[in-house]
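Enquirer:
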Amino acid sequence: MDLSQAYSSMWADIAAALPLVIVSLAGLVVVVFDAYRNRHAATPLITLAALVLAFAVEIPALSADGTAFHGMLRIGGAAAFVNLLILGSGILTVMLAMPYLKRLDMHIGEVYSMVLFATAGMLMLGAANHLVTIFVGLETMSVCLYILTGLVRKNQGAIESALKYFLLGAFSTGFFLYGMALLYGATGTMSLSDMQVAAGSGSVMFWAGVALLLVGFLFKVSAVPFHMWTPDVYQGAPTPLVGFMSTASKAAAFAALITVLVLALPPERWTGVLAVFAVITMVIGNVLALSQSNVKRMLAYSSIAHAGYILVALAAGTPEGYSGALFYLLVYTVMNIGAFGVMSQLEWDDAQGSTQSLDSLAGVGYRRPLLGWTMVFFMFSLAGFPPLAGFLGKWAVFAPAIDADLVWLAITGVLASAVSAYYYLRVLVVFFMKSARDGEPGTAAGEAFVIPTMTRGVLIFCTALLVVLGVTTFAWDLTGTFFG
Amino acid sequence: MEITLNWYLYLSAILFTMGVIGFLFRRDVIIMLMSIELMLNAVNITLVALSQTMGSPAGQILVFFVMAVAAAEAAIGLALVIAAFRNKLTIDVTEFNLFKY
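The listed protein sequences correspond, in order, to chains A and B. Quick note on my numbering: the first sequence kicks off at 1 and runs consecutively. Quick note on my numbering: the second sequence kicks off at 1001 and runs consecutively.
1. For the stretch 421-430 of chain A against the stretch 379-389 of chain A, are there 3 or more C-beta pairs whose distance is under 8 Å?
2. May I ask you to report which of helix, strand or coil DSSP gives A:Gly-27?
3. Could you tell me whether the Cβ atoms of A:Ala-255 and A:Val-82 are closer together than 8 Å?
4. Put B:Leu-1040 into one of helix, strand or coil per three-state DSSP.
5. Is DSSP giving A:Thr-479 helix, strand or coil here?
6. Using Cβ-Cβ distances below 9 Å, what residues of the stretch 13-46 of chain A are close to chain B?
7. I need the straight-line Cα distance from A:Val-94 to A:Val-242, nearest angstrom please.
8. Considering only DSSP beta bridges, list what A:Asn-294 is partnered with.
9. Considering only DSSP beta bridges, list what A:Ser-191 is partnered with.
10. Alpha carbon to alpha carbon, how far is A:Leu-84 from A:Val-295?
11. Can you check DSSP and say which residues form a bridge with A:Leu-177?
12. Pull up the distance between the alpha-carbon of A:Met-124 and that of A:Phe-432, whole angstroms please.
13. Taking 8 Å as the threshold, find out whether the stretch 27-39 of chain A comes into contact with the stretch 69-77 of chain A through three or more Cβ pairs.
14. Do the stretch 276-289 of chain A and the stretch 407-419 of chain A meet, that is, are 3 or more Cβ pairs less than 8 Å apart?
15. Near B:Phe-1016, which residues of its chain fall below 6 Å by C-beta distance, leaving aside the five closest residues on each side in sequence?
16. Name the residues in the stretch 131-146 of chain A whose C-beta lies less than 8 Å from a C-beta of chain B; which are they?
17. Could you check whether the Cβ of A:Phe-166 sits closer than 8 Å to any Cβ belonging to chain B?
18. Measure the C-alpha to C-alpha separation of A:Gly-308 and A:Ala-401 and round it to an integer number of angstroms.
19. Starting from the C-beta of A:Pro-19, find all residues in its chain whose C-beta is less than 7 Å away, skip the five residues before and the five after it, and write them out in chain order.
20. Identify the contact partners of B:Thr-1017 in chain A, using a Cβ-Cβ distance below 9 Å as the criterion.
21. Using a C-beta to C-beta distance shorter than 7 Å, which residues of chain A count as neighbours of B:Ile-1061?
22. Run through the DSSP bridge pairs and tell me what B:Asp-1028 is partnered with.
23. On the criterion of 16 or more Cβ atoms from any shown chain inside 10 Å, does B:Phe-1085 qualify as buried, or is it exposed?
24. Using a Cβ-Cβ cutoff of less than 8 Å, which residues in the same chain neighbour A:Gly-353 once the five nearest sequence positions on both sides are dropped?
25. Contact criterion: CB-CB distance below 8 Å. Does B:Met-1034 meet it with respect to chain A?
26. If we cut at 8 Å on Cβ distances, does B:Asn-1006 have a partner in chain A?
27. Cβ closer than 7 Å: which chain A residues qualify as neighbours of B:Glu-1073?
28. If the cut-off is 8 Å on Cβ atoms, which residues from the stretch 150-166 of chain A count as contacting chain B, listed in chain order?
29. Compare the C-alpha of A:Leu-212 against each of A:Val-115, A:Leu-257, A:Leu-62 and name the closest.
30. Since A:Asp-232 meets chain B, which of its residues come closer than 8 Å, beta carbon to beta carbon?
31. Taking B:Ile-1045 as the reference, give the member of B:Met-1034, B:Ile-1030, B:Met-1067, B:Arg-1026 with the closest Cα.
32. Could you give the distance in angstroms between the alpha-carbon of A:His-227 and the alpha-carbon of A:Ser-142?
33. Are A:Tyr-332 and A:Pro-240 closer than 8 Å when you measure CB to CB?
34. Count the other CB atoms within 10 Å of the CB of A:Leu-105; is the residue buried (16 or more) or exposed (fewer)?
35. How long is the line joining the alpha carbons of A:Leu-489 and A:Gly-470, rounded to whole angstroms?
36. With a threshold of 8 Å between beta carbons, is A:Met-72 in contact with chain B?
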């Protein structure tokens, strides 16, 4: 290939990966803009505009199919779906974080540039088709998320959770990378699509590499027993950004895991391993969530449990399973961003700041009808009640397991989600059926606080989307076309 | 005696294990950071040795990315250590126990 040919193919690649380019450039623009106009009101708007533009550019790519940059990135299909999910999650997060950070007096440009760079990393991870892009995407995402976690430097808890997240995250990166190196040694290639052909040998090196790689992935999606960081990080980090971390980063990591399972590894060997992780993740996540008195911590354990439900679909190992997992990621993103959005508002109802214990939320549903009623939708959906999207999502992940003769796994999943109804509905009991005692901290201070219009919009949008996704199947049908 | 690929792989496996043990059993955050660096660089040895043996440049390219990421992680890690030290006046990980369930 001569130089001019390479040059023209580069422009075609850039056009194909345009959302990634837009988001990365916007991140750089925000960094420079913030240096000249510190804490300017336009910074979040630039961020939002870039994310919306990238979202709009990505929509037509859904029907495309191919690779870019010499097989480094996948374009279209499942990759486009995951990219839209990540960008949507970013848009909603920025809209929630803007008023939240203003109240916290942490309305600084770095937040938005870090959100943009993290999004760029996720976009790369979700569309990765090569071990190098997986690694670079994963680390770009993780490093930005460590910073976002420790953003509120004055808060001891935030620093502590960022330090824990960083140490364990970097530790897991070591395993992940060693797994990559061994896979590379065993197959002689780093391109995921070439790996399956070469994998036939099945040497010790290959299996050791796969095991280490899985450890890295399971850490990033916070599956038990690699979940220890999740509750601490989710409790300590700024609440709207937790919504981002728990949804977009998980979607990207699961998308990369699905790519590895579909493209790189020999089929029909992973059901047993993934089923074991799915069972312990669902059981331990749900059981530990039962005893939490802090709502954010409860939601952290619930997000561990939800990773378990998605692993059920992956354990099935069928095209229906993979598309079900993608659909579940969409549903999970909508309801989790909503739930963390509600909690980010209720932090200000509590005089003690961000403690968010269940007791301090007594009767909040009547004082704040919008927060209360949207929370009803999010909790019922997380618990999996029809006709909300959570039910259809659970159907999409458990049905493939039954089709793949993993009935015991699906039954475990259903029982685990039955347990989860207890702690989700307990939140609503506290919201609506308990009255705040006199002298309860924060009740008086909370009255004065007006919920920002943007937050209202996001919460109502998430609620509406949950209903729409629950009663129509267009999104599910869409994911069904990706793994044909 | 000829030095074969396996020697490099054993060396890197031993270094990686030393890094893991150091991370798990030391309580000083700085030492833990150094252990992580040891793990990443042990992987670099594997990658370079494999790349050289197989005559494929991909492994050595990944090494450059690993070095960049290791530098970024060191920067973030040390910044967090400083922030944590300002709050607690210690960097012993067992002292960071604000969250309990």
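Each residue gets a CB set at the ideal place from its N, CA and C atoms; glycine is no exception. Keep in mind it's a predicted model, so treat the numbers as computed, not measured.
Expert: Concretely, from the data shown:
1. yes
2. Helix.
3. yes
4. helix
5. helix
6. none
7. 12 Å
8. A:Ser-357
9. According to DSSP, which records beta bridges pairwise, A:Ser-191 is partnered with A:His-130.
10. 29 Å
11. The partner list for A:Leu-177 (beta bridge, DSSP) is empty, contrary to what the question assumes.
12. 43 Å
13. no
14. Note that the stretch 276-289 of chain A touches the stretch 407-419 of chain A; at least 3 beta-carbon pairs, one per stretch, sit closer than 8 Å.
15. Met-1039, Ala-1042
16. Leu-131, Val-132, Phe-135, Val-136, Glu-139, Val-143, Tyr-146
17. yes
18. A straight-line Cα-Cα distance of about 13 Å links A:Gly-308 and A:Ala-401.
19. Ala-54, Val-57, Glu-58, Asn-83, Leu-87, Leu-123
20. Chain A residues near B:Thr-1017: none, gap ~10 Å exceeds 9 Å.
21. Val-132
22. B:Asp-1092
23. Exposed is the call here.
24. Any reading at A:Gly-353 is ruled out, since the residue's pLDDT is 47, under 50, leaving its predicted position unreliable.
25. Put simply, the CB of B:Met-1034 is far from chain A, with every gap to its CB atoms at 8 Å or more.
26. no
27. The contacting residues are Val-143, Ala-170.
28. Gly-150, Arg-153, Gln-156, Gly-157, Ile-159, Glu-160, Ser-161, Ala-162, Leu-163, Lys-164, Phe-166
29. A:Leu-257
30. Phe-1099
31. B:Met-1067
32. 15 Å
33. Cβ atoms of A:Tyr-332 and A:Pro-240: not closer than 8 Å.
34. Sequence inspection shows Asp at residue 105 of chain A; the Leu mentioned does not correspond to that position. Exposed is the call here.
35. In the structure displayed, chain A extends from 1 to 484; residue 489 of chain A sits before or after that span and is not available.
36. no
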